[in-house]
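The C-terminal position of the sequence shown is numbered 112 in the numbering used here, with every residue numbered one higher than the one before it.
Contents: one structure, followed by commentary.
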Amino acid sequence: MNQEHDLEECLKMPNFLSTASSTGDEVTVTGMKEHVLTGRASSLARFMTLQELVLVTLTERALAKPLRSRMHYDHPDVFEKSFVVTSGGVSKAGQGINLSEDVFSGYNATSRRPSMPPPEPSVRSRRWF
């Protein structure tokens, strides 16, 4: 699992939640940009770091601002509890495929509440093992 929640990440959470709710929109799913700690360990780790930068950071910003169609890829950090409970939970299982929370929660939130928050400047640590 690559979702550790260390002490320094917990200290960021009050500031993060205040910036996410200051937009005036109802925030359903939100998350932080990730910093890959082991990005210099090998060429494969460097490739994964660049993939994280391009896909999650740059593409998500383009989808959020001009296109307004952000689906929040890569393990959302914060869900609105009342929305998740009333919409049937986070992950959905089907007969042919199991959809994880990162894909389905973005789709579910966008279809029910079309406004998604802009990408956040906070950084969350991540290790590739």
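Ideal placement from N, C-alpha and C gives every residue a C-beta, glycine not left out.
Being a predicted model, the structure only gives us computed values, none of them experimental.
The residue among LEU33, ARG29, SER25 and THR11 with its C-alpha nearest the C-alpha of SER94 is THR11. Note: THR40 is not bridge-paired with any residue in the DSSP secondary-structure output. With fewer than 16 neighbouring CB atoms inside 10 Å of its own CB, SER25 falls in the exposed class. In this structure, the beta-carbon distance from GLY14 to VAL61 falls below 8 Å. In the displayed model, VAL67 falls within a helix according to three-state DSSP. No Cβ-Cβ contact shorter than 8 Å links VAL19 with THR40. Under the three-state reduction of DSSP output, THR2 falls in the helix class. In the three-state DSSP reduction, THR32 falls in the helix class (H, G or I).
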